[in-house]
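Enquirer: So that we are looking at the same thing, I have put the structure below in structure tokens.
The structure is reproduced here in structure tokens:
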């Protein structure tokens, strides 16, 4: 079961609100369903042109590998040649930086993922989690 | 000058409201800036998986050729070989069906485009124009 | 909710049994989940090399457009320039020939799709439906 | 001479049985023929979305370079720039992690390859070899 448009729009709104509250750089926020297909997206004024692609690659990468990109980014540092080959194998659909966060339901099943790009990876990831919390979709698994 | 996220979200909301008012099939609505980069997107529950790509290709195609896809679709029927070669030349970033509508400012300058996919091309285009009108961005050029 | 590997393998087995029962040419059978990701695949000895790609494009195309490729193939004949642009917009992930059949649950929700290539489109589609039936997953919507 | 569908399905069944016997994470298992074209594939419930692509890139990479990916992964660590250029040169059809294992006949001729992704590379490779053994296709060359 994938998240709904209403849930996805709530995540986007919550993530952007968090970004403004901490004066983050302009953000791009995407929410993908469990199959990694776009459900909702917003790019703030002034965000640079690649933000859509990077945010999408963070969310798709998290779904594709089954873990948040904060974890993937750490692992990639220890085995860059493998993770770079993964990037090639999946046609560039992965970005090794925090900000790609998996969304799960109460049963722990993956329902989608959030991807944010614009500020530091850590700030992007914090805003993604804030959006998930504000949408009432926070689970241990997604923390 | 490109349209803002606020304007793009207003277009998306207006287009989806129009779709619901006429019981359209589930729609995907994208708004691109003047450089054909995504600003806002929403895919209604139940819309099929290609709706993002098709909506984007309608909006990008309208911007890329400088005219709404309703016009492009008509012209393509009369010269399919050329327009198919355009599709190849631009990496598939164009869809020959109504629903890709250019947005202009009061001076007639292109500020972005709306792309919708989900129902008939005519319905998609009507919803796109309704979204532009509801956002207060309607111009002769966009009609 | 996507179909399980057990269900997907039952569909593949049933489709191949149908193919043998009617002495079809060597077939390739793929089952995709609701997000168009591969779950199970089998290519019979002697099937030509493109069968994997064509079977996958039939199943992904059906999911992407929300209807079986038998219907899409008919529609494409009436508006080739649009449907060829769709092929470009989705990176070739669609094949306009019968043999791509959507699988739904009892509630009518899409759980995946079957794609078959090897014999005529009609025979491919019959084998796909036979596989769905033999797996006990037949619904009005899938007929 | 390439392996048959019957042999490929036996490898998949044996590899998945090994994975279950050691409580491996959900696996994706692909068997390619000597020309690197898919013959059989299965993705266990819960395996993440990129597992198909990674498993295929392991099997194709092993065939493409003529050695198991366990060997390639070691070599790549010592010369990352070259092996990353190979990844680019072959369009991403290689993954530098154990789990891609070549299958040979009694004469030592390559008949195909197995690719597995889901657990650690070492576990993936063990399951691949177990599948080959269970199918009665084990040769010194494949060990």
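Chains as they are written, first to last, in the UniProt record's numbering: chain A, 1 to 143; chain B, 1 to 143; chain C, 1 to 143; chain D, 1 to 143. C-beta: ideal position from N, C-alpha, C; glycine also. The structure presented is a predicted model; accordingly, all values stated were derived computationally and were not measured.
#1: Over what stretch of residues does the beta strand (DSSP E) that includes residue 117 of chain D continue unbroken?
#2: Buried or exposed: where does residue 1 of chain B fall if 16 or more other Cβ atoms within 10 Å of its Cβ makes it buried?
#3: What residues from the region 33 to 47 of chain C come within 8 Å of chain D, judged by C-beta to C-beta, listed N to C?
#4: Give the straight-line distance between the Cα atoms of residue 75 of chain B and residue 98 of chain B, rounded to the nearest whole angstrom.
#5: Identify, in the order they occur along the chain, each residue of the same chain with its Cβ nearer than 8 Å to the Cβ of residue 44 of chain B, setting aside the five sequence neighbours on each side.
#6: Quick check: residue 83 of chain C and residue 73 of chain B, are their CB atoms within less than 8 Å of each other?
#7: If you run the structure through DSSP and keep just helix, strand and coil, what is residue 90 of chain A?
#8: Using a threshold of 8 Å, state whether the C-beta atoms of residue 31 of chain A and residue 54 of chain A are closer than that.
#9: Applying the 10 Å Cβ sphere with the 16-neighbour rule, what's the burial state of residue 58 of chain D?
#10: Where does residue 33 of chain D fall in DSSP's three states?
#11: Between the Cα of residue 14 of chain A and those of A/111, A/132, A/6, spot the shortest distance and give me the residue it belongs to.
#12: Buried or exposed: where does residue 49 of chain C fall if 16 or more other Cβ atoms within 10 Å of its Cβ makes it buried?
#13: Compare the beta carbon distance of residue 135 of chain C and residue 7 of chain C with 8 Å and say whether it is the shorter of the two.
#14: Give the secondary structure of residue 38 of chain B by DSSP, where H, G and I count as helix, E and B as strand, and everything else as coil.
#15: Quick one: list the residues of chain A neighbouring residue 1 of chain C, beta-carbon separation under 7 Å, in chain order.
#16: So, helix, strand or coil for residue 121 of chain B, using DSSP?
#17: Looking at the structure shown, is residue 46 of chain D part of a helix, part of a strand, or coil, going by DSSP?
#18: Suppose the cutoff is 7 Å on Cβ atoms and the five residues either side in sequence are ignored; what does the same chain contact list for residue 122 of chain D look like?
#19: Note down, in chain order, every chain C residue with its Cβ under 9 Å from the Cβ of residue 119 of chain B.
#20: Just grab the DSSP bridge partners of residue 28 of chain B for me.
#21: Whole angstroms are fine: how far does the CA of residue 138 of chain A sit from the CA of residue 71 of chain B?
#22: Using the C-alpha atoms, what's the distance from residue 108 of chain A back to residue 141 of chain A?
#23: When the Cα of residue 9 of chain C is compared with those of C/23, C/38, C/22, C/21, which residue comes out closest?
#24: Report all residues from its chain with a CB closer than 6 Å to the CB of residue 63 of chain A; omit the five preceding and five following residues, and keep chain order.
#25: What does the alpha-carbon distance come out to for the pair residue 41 of chain D and residue 104 of chain B?
#26: Name the chain C residues that come within less than 7 Å of residue 137 of chain D, Cβ to Cβ?
#27: Could you tell me the alpha carbon to alpha carbon distance between residue 102 of chain C and residue 111 of chain A, rounded to whole angstroms?
#28: Between residue 93 of chain A and chain B, is the shortest Cβ-Cβ distance under 8 Å, so that the two count as touching?
#29: Suppose the cutoff is 7 Å on Cβ atoms and the five residues either side in sequence are ignored; what does the same chain contact list for residue 69 of chain D look like?
#30: Can you tell me which of the three DSSP states residue 100 of chain D falls into?
#31: Spatial neighbours of residue 33 of chain A within its chain, please: CB distance less than 6 Å, with the 5 preceding and 5 following residues excluded, ordered by chain position.
#32: Report the rounded CA-to-CA distance for residue 126 of chain D versus residue 23 of chain D, giving the unit in angstroms.
#33: Could you pull out every residue in the same chain whose Cβ sits closer than 8 Å to the Cβ of residue 149 of chain D, ignoring the five residues on either side in sequence?
#34: Since residue 106 of chain D is in the alpha helix (DSSP H), which residue starts that stretch and which ends it?
#35: Is it right to say residue 21 of chain D is buried, meaning 16 or more other beta carbons lie within 10 angstroms of its own, or is it exposed?
#36: Taking only beta-carbon atoms, is residue 53 of chain B less than 8 Å away from chain C?
Expert: Taking the structure as given:
#1: 110 to 117
#2: exposed
#3: Shown in chain order are the members of the region 33 to 47 of chain C whose Cβ falls below 8 Å from a Cβ of chain D: 35, 37, 38, 39, 40, 41, 42, 43, 44, 45.
#4: Between residue 75 of chain B and residue 98 of chain B, the C-alpha separation is close to 12 Å.
#5: 16, 19, 26, 27, 28, 118
#6: no
#7: coil
#8: Cβ atoms of residue 31 of chain A and residue 54 of chain A: not closer than 8 Å.
#9: buried
#10: strand
#11: A/132
#12: Per the 10 Å Cβ criterion, exposed.
#13: yes
#14: strand
#15: 1
#16: helix
#17: coil
#18: 98
#19: Result: empty, since nearest Cβ-Cβ is about 11 Å, beyond 9 Å.
#20: B/43, B/117
#21: One alpha carbon belongs to residue 71 of chain B, the other to residue 138 of chain A, and they sit about 46 Å apart.
#22: Only weak support is given to the placement of residue 141 of chain A: the predicted model assigns it a pLDDT of 43, under 50, and the value that follows is read from those uncertain coordinates. Roughly 6 Å between the two C-alpha positions.
#23: C/38
#24: 36, 113
#25: Roughly 50 Å between the two C-alpha positions.
#26: Ordered by position in chain C, no residue passes the 7 Å Cβ test against residue 137 of chain D, which lies about 15 Å from the chain.
#27: 21 Å
#28: no
#29: Excluding its 5 nearest sequence neighbours in each direction, residue 69 of chain D has C-beta neighbours in its own chain below 7 Å: 58, 61, 62, 95, 96, 97, 98, 99, 100, listed in chain order.
#30: strand
#31: 2, 39, 112
#32: 13 Å
#33: Here chain D has residues from 1 to 143 only, and residue 149 of chain D is not among them.
#34: No alpha helix (DSSP H) contains residue 106 of chain D, which DSSP labels as neither H nor E.
#35: exposed
#36: yes
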